[in-house]
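A.B. asks: By the working numbering, the letter at position 186 of the sequence shown is numbered 188, and the numbering carries on one by one without gaps. Note that the Cβ used here is the ideal one computed from N, Cα and C, for glycine as well.
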Amino acid sequence: MTDNWTYRVITPPKGDYLYLPLNAEARRIADTWDPAKDEAAGEQCKGYGPVGVMRMPTRLHITWQTANILKLDTDTGTQTRLLHFGAAEAQTGPRTWQGYSIAEWQFPGMGRGRGGQGGTSKTGTLKVITTQMRPGYIHKNGVPYSENAVLTEYFTIVEDKGLTILVDTLMLEDPKYLTQSFVRSAEFKKQADASGWDPSPCSAK
């Protein structure tokens, strides 16, 4: 891990948000971050929404929960994301840390499709749009995103020198706290087995 590793491996100090497209209100919130208050409020997972956890040093376990729901588990923070294929359903339940994700396959020259298992291909891109998230942190040091933030991701698979790499390109839009889109990427190397899987709880610090 080399890209922005100081923000992804360790929790940056309070007020460290250089180069992030934050407005004045977001900076004010970040400057008053108190992890003890998050712990006391039972909100130690605020930094483990999809915006944060997908950029942390974590392992992924990806399986089909049903023919149209792809399940993505992380061992860091012990989080579960559900990526829904097919027609979007109206969401009326409570917001969650991982939100509600709609997924579709996109193929070069072939348009796009919302099919589940029947549409998988290493040559395609999986587009995922996540809404209905609880307010959380872009970085664990209190840099906020709001409940109305929209996260768009593009998952691609790259084969390189015998390695299989999953690339997740993230774009977060949040007019409440961001002056422009927050864009980052993360890479995950496919492992031979689950021997390194090590679930751990969320931590506010």
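Identify whether Ala89 lies in helix, strand or coil by the three-state DSSP scheme.
C.D. replies: Three-state result, Ala89: coil.
A.B. asks: Between Gly79 and Tyr50, how many whole angstroms is the CB-CB distance? I'm expecting something under 8 Å.
C.D. replies: With a Cβ gap of about 4 Å, Gly79 and Tyr50 count as contacting.
A.B. asks: Does the pairing of the stretch 127-143 with the stretch 45-62 give three or more beta-carbon distances under 8 Å?
C.D. replies: They touch, by the three-pair rule.
A.B. asks: Buried or exposed for Gly144, going by 16 or more other Cβ atoms inside 10 Å?
C.D. replies: Result: buried.
A.B. asks: What does a CB cutoff of less than 7 Å around Glu149 pick up in its chain, not counting 5 residues either side in sequence?
C.D. replies: For Glu149, where only same-chain residues beyond five positions count, the Cβ hits under 7 Å are Arg97, Met135, Arg136, Pro137.
A.B. asks: Quick one, are the C-beta atoms of Phe109 and Gly88 less than 7 Å apart?
C.D. replies: The answer is no: Cβ separation not under 7 Å.
A.B. asks: Terminal residues of the continuous alpha helix (DSSP H) containing Gly54?
C.D. replies: From DSSP, the alpha helix (DSSP H) with Gly54 extends over 52-55.
A.B. asks: Decide if Glu91 is buried, meaning its Cβ has at least 16 other Cβ atoms within 10 Å, or exposed.
C.D. replies: The residue in question, Glu91, is exposed, as its Cβ has fewer than 16 Cβ neighbours within 10 Å.
A.B. asks: When DSSP builds the beta bridges, which residues end up paired with Asp75?
C.D. replies: In DSSP, Asp75 forms a bridge with His63, Thr82.
A.B. asks: Where Thr171 and Ala151 are concerned, what is the direct C-alpha to C-alpha distance, given to the nearest angstrom?
C.D. replies: So the two alpha carbons sit approximately 16 Å from each other.
A.B. asks: With Pro37 as the anchor, note down where its alpha helix (DSSP H) starts and where it stops.
C.D. replies: It spans 37-42 - the alpha helix (DSSP H) in which Pro37 sits, taken as one unbroken run.
A.B. asks: Contact between the stretch 162-179 and the stretch 193-204 is defined here as three or more beta-carbon pairs at a separation below 8 Å; is this criterion met?
C.D. replies: In short, these stretches do not touch, since the Cβ pair count stays below three.
A.B. asks: Exposed or buried, which one is Thr76 when buried takes at least 16 other CB atoms within 10 Å?
C.D. replies: Buried, by the Cβ-count rule.
A.B. asks: May I ask you to report which of helix, strand or coil DSSP gives Leu172?
C.D. replies: Strand at Leu172.
A.B. asks: Can you tell me where the alpha helix (DSSP H) holding Glu155 begins and where it ends?
C.D. replies: Run containing Glu155: none in the alpha helix (DSSP H); it sits in the beta strand (DSSP E), 152-162.
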